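See below for the structure under consideration.
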Amino acid sequence: MKGAFMLREPITINPKIVEEIVVREEAEFRKRTPRSHEIHERAKTSLPMGVSSSFQAVPPYPLFISRAEGSHIWDYDGNEYTDFHLAFGSLLVGHSHPVLVEALREQLGNGSLYSLPCPETVFLAEEMARRFAPIEQVRFCNSGTEATMDALRLARAHVGRDKIVKIEGSYHGHHDTVMMSTKPSVDAAGPADRPNSVPASKGIPSNVKNNTIVAPYNDAEAL
C-alpha cells in the first residue's frame, strides 16, 4: 500500500483500439452537434480559440449550451445531458432553481452592479461564518483565480516568506504563481518523487518558478 492506493501490475492498453474508439466517438459527436460546430467556427473570429476560458477549448470543438434546468443542460442541437460539473460545484442547487430565479428577478429590478457596499454581502458573510466555523470573516472574490491569488498574498504577508508549495497536476487558477506543473510534459516533469516546476505556458516570468515548489500528488512523505 502507498497512501490510499494499492499498487498493482500495469495494465496493457492497445493504442490502436483506443484510436479506433476515439475516431468512432468523434464521428458520432460531430453528427449530433452540427450547430455547436457552426457557432464555434463563428466564435473563433472574435474569441481566442473560440471560447472565453481556455479550459473550454476541447477537441474537436466544445458544446454550446442553449439552456439548463436542474441537473440537465441542452445544446443548440437539442441534445440533453446530465450536468455532473455544475460550474465547478458552485451551482449546488442546480440550474435555474425557481427560488433563485425569482430572487434574481427582484434584484435586477433594483440594479445589478453598485460597486458600493450592500447589505446582502453582510447577510451572506454571516451565514457562511455560521455554517463553516471557525471562519470569522469573509472576503468575496470574482473568481477562483482571484481568491487563490489574494490568499497567497495574505499568507506571504503573514509568514514573511515568498515560496509556496503546490501539488503536481493541480489547478488553482491562472495567475503566474500557481500556473506551474498543471499538466507538464513527461520530458519536462522531472522525477516522480521530486517534480520540476514547469511553467504551464509562455508569458510566465522565468523567476516565478523559483518561488513555486512542486510536490508529487498523494505523497505525504514527499510533501
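The sequence shown: position 64 = 1073 (this note's numbering), numbered continuously.
Cβ coordinates follow ideal geometry from the N, Cα and C atoms, glycine included.
Since this is a predicted model, take the numbers as computed values, not measurements.
Count the other CB atoms, across all protein chains shown, that sit within 10 Å of the CB of residue i; report buried if there are 16 or more and exposed otherwise.
i: V1187; result: buried
i: V1102; result: exposed
i: M1010; result: In this prediction, M1010 scores a pLDDT of 47, lower than 50, which makes its location untrustworthy; the coordinate-derived value is nonetheless stated afterwards. M1010 is exposed by the Cβ-count criterion.
i: F1073; result: buried
i: V1207; result: buried
i: D1084; result: buried
i: L1233; result: A query on residue 1233 cannot be resolved here, the shown segment of the chain reaching from 1010 to 1232 and no further.
i: R1076; result: exposed
i: L1125; result: exposed
i: H1167; result: exposed
i: L1163; result: exposed
i: T1054; result: exposed
Tell me whether residue i sits in a helix, a strand or coil according to DSSP, three-state version.
i: I1082; result: strand
i: S1215; result: helix
i: I1222; result: strand
i: M1137; result: helix
i: E1047; result: helix
i: A1077; result: strand
i: E1089; result: strand
i: K1175; result: strand
i: P1208; result: strand
i: M1188; result: coil
i: H1104; result: strand
i: A1160; result: helix
i: K1053; result: coil
i: R1033; result: helix
i: S1063; result: helix
i: I1026; result: helix
i: H1167; result: helix
May I ask you to check if the CB of residue i is nearer than 7 Å to at least one heavy atom of the ligand MG?
i: V1223; result: As presented, the structure is devoid of all ligands, the ligand MG included, so that no description of it is given.
Do you know how far the Cα of residue j is from the Cα of residue i?
i: P1069; j: E1035; result: 8 Å
i: K1211; j: K1172; result: 21 Å
i: H1094; j: L1122; result: 27 Å
i: M1189; j: A1066; result: 20 Å
i: Y1180; j: A1209; result: 10 Å
i: F1141; j: L1100; result: 18 Å
i: F1149; j: F1132; result: 12 Å
i: N1227; j: E1028; result: 30 Å
i: S1105; j: L1232; result: 42 Å
i: T1042; j: T1091; result: 16 Å
i: V1108; j: G1118; result: 16 Å
i: I1048; j: F1064; result: 18 Å
i: E1129; j: E1135; result: 10 Å
How close, in whole Å, do the beta carbons of residue i and residue j come, if the pair is a contact with beta carbons under 8 Å?
i: R1044; j: D1086; result: 5 Å
i: P1225; j: D1202; result: 6 Å
i: G1153; j: G1199; result: Not really, about 27 Å apart at Cβ, beyond 8 Å.
i: V1217; j: N1205; result: Wrong, their Cβ atoms sit about 14 Å apart, outside the cutoff.
i: K1192; j: T1221; result: Contact flag wrong, Cβ pair sits at about 15 Å.
i: D1185; j: I1213; result: 5 Å
For residue i, which residues of its own chain have a beta-carbon under 8 Å away from its beta-carbon, when the five flanking residues on both sides are left out?
i: F1097; result: G1153
i: E1089; result: H1081, I1082, W1083
With a threshold of 6 Å on Cβ separation, who are the neighbours of residue i within its own chain once the five nearest residues in sequence on each side are excluded?
i: A1052; result: G1059
Using C-beta distances below 7 Å, list every residue in its chain close to residue i, excluding the 5 sequence neighbours before and after it, in chain order.
i: R1165; result: D1171
i: G1079; result: G1103, H1104
Is residue i close to chain D, meaning its C-beta is less than 8 Å from at least one C-beta of that chain?
i: L1125; result: Of the protein chains in this structure there is only one, and it is not chain D.
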